[in-house]
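So the protein lines, in turn, are chains A and B. Using my numbering, read the first sequence as starting at 77 and increasing by one per residue. Using my numbering, read the second sequence as starting at 729 and increasing by one per residue. Glycine included, each C-beta is placed from N, C-alpha and C at the ideal position. In this text, all values refer to a predicted model and were calculated from it rather than measured experimentally.
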Amino acid sequence: DAKTTQPPSMDCAEGRAANLPCNHSTISGNEYVYWYRQIHSQGPQYIIHGLKNNETNEMASLIITEDRKSSTLILPHATLRDTAVYYCIVYNYGQNFVFGPGTRLSVLP
Amino acid sequence: DVKVTQSSRYLVKRTGEKVFLECVQDMDHENMFWYRQDPGLGLRLIYFSYDVKMKEKGDIPEGYSVSREKKERFSLILESASTNQTSMYLCASSQTGPGETQYFGPGTRLLVL
């Protein structure tokens with residue numbers, strides 16, 4: 077079973093920031109938070125991951141709360157091509173990735 | 729960039745046929761994985777491998793086998809395809825270590841008639 081909870085769907089206006097929440101209240105101290113996305117009929121694409129600190133790369137930012145029980149993926153300027161299912165995964169070395177149902181993000185023109 | 733390729737994007741086979749799905753990665757990753765993805769069920773792990781000639785069962789190995797003769801190549805075998813194996817098959821690879829990231833191939837959509 078997935079260790080994360082995400083809303084099933086969200087809408088975002090093109091050009092606006094998309095903020096995708098994830099709850100992982102049972103996360104343990106050495107587990108990472110990973111984000112992937114999957115555009116229709118393609119393989120999942122890695123976006124970003126973090127342990128405790130906030131992270132940023134060319135695709136997105138990851139904000140992890142101080143107690144690490146939740147996180148938010150931020151796409152700063154969403155485009156139509158960001159329409160996808162976004163998966164939040166809690167993972168540690170030696171475990172297997174468990175993909176839950178994710179959040180279906182629709183970016184609207 | 730990490731590249732994971734799969735031998736076919738679409739495949740149509742008949743019940744009872746032996747099916748080979750090939751996956752190749754070019755980043756010298758130790759770990760390779762096979763998943764299947766079905767609507768409403770998410771991604772489920774079939775088999776994985778942490779080294780050449782090594783394999784481990786995932787959550788749903790029944791009806792499948794795998795082969796890893798070379799580090800860069802991981803094959804999924806359906807010995808006798810059945811209609812309930814119609815699915816999207818995804819291969820992934822990763823480096824060993826804490827916080828390792830899995831990189832996925834484009835997927836093979838298999839239809840068993």
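Beta-carbon spacing of residue i, residue j below 9 angstroms
{"i": "G833 of chain B", "j": "G178 of chain A", "result": "no"}
{"i": "L184 of chain A", "j": "C88 of chain A", "result": "yes"}
{"i": "K741 of chain B", "j": "L838 of chain B", "result": "yes"}
{"i": "K746 of chain B", "j": "A820 of chain B", "result": "no"}
{"i": "L188 of chain A", "j": "W111 of chain A", "result": "One cannot answer for residue 188 of chain A here, as it falls past the ends of chain A, which runs 77 to 185."}
{"i": "Y122 of chain A", "j": "Q813 of chain B", "result": "no"}
{"i": "V752 of chain B", "j": "E800 of chain B", "result": "yes"}
{"i": "H100 of chain A", "j": "S137 of chain A", "result": "no"}
{"i": "V109 of chain A", "j": "I140 of chain A", "result": "yes"}
{"i": "L818 of chain B", "j": "L771 of chain B", "result": "yes"}
{"i": "V166 of chain A", "j": "I103 of chain A", "result": "yes"}
{"i": "G786 of chain B", "j": "F802 of chain B", "result": "no"}
Assumed close pair residue i, residue j - CB separation to whole angstroms, cut-off 8 angstroms
{"i": "S822 of chain B", "j": "E807 of chain B", "result": "That pair is no contact at about 27 angstroms."}
{"i": "L773 of chain B", "j": "Y763 of chain B", "result": "6 angstroms"}
{"i": "E131 of chain A", "j": "N168 of chain A", "result": "At roughly 17 angstroms, the Cβ-Cβ gap does not stay under 8 angstroms, so E131 of chain A and N168 of chain A are not in contact."}
Backbone secondary structure at residue i - three-state DSSP
{"i": "D87 of chain A", "result": "strand"}
{"i": "T811 of chain B", "result": "helix"}
{"i": "L841 of chain B", "result": "coil"}
{"i": "L184 of chain A", "result": "strand"}
{"i": "L138 of chain A", "result": "strand"}
{"i": "R92 of chain A", "result": "coil"}
{"i": "L806 of chain B", "result": "strand"}
{"i": "R144 of chain A", "result": "coil"}
{"i": "L156 of chain A", "result": "helix"}
Q. Is it true that the region 157-168 of chain A meets the region 101-116 of chain A, where meeting means three or more beta-carbon pairs spaced less than 8 angstroms apart?
A. yes
(Q) Going residue by residue through the region 730-779 of chain B, where are the continuous beta strand (DSSP E) segments of at least 3 residues, counting only ones entirely within it? (A) 732-734, 738-741, 747-753, 759-766 and 770-777
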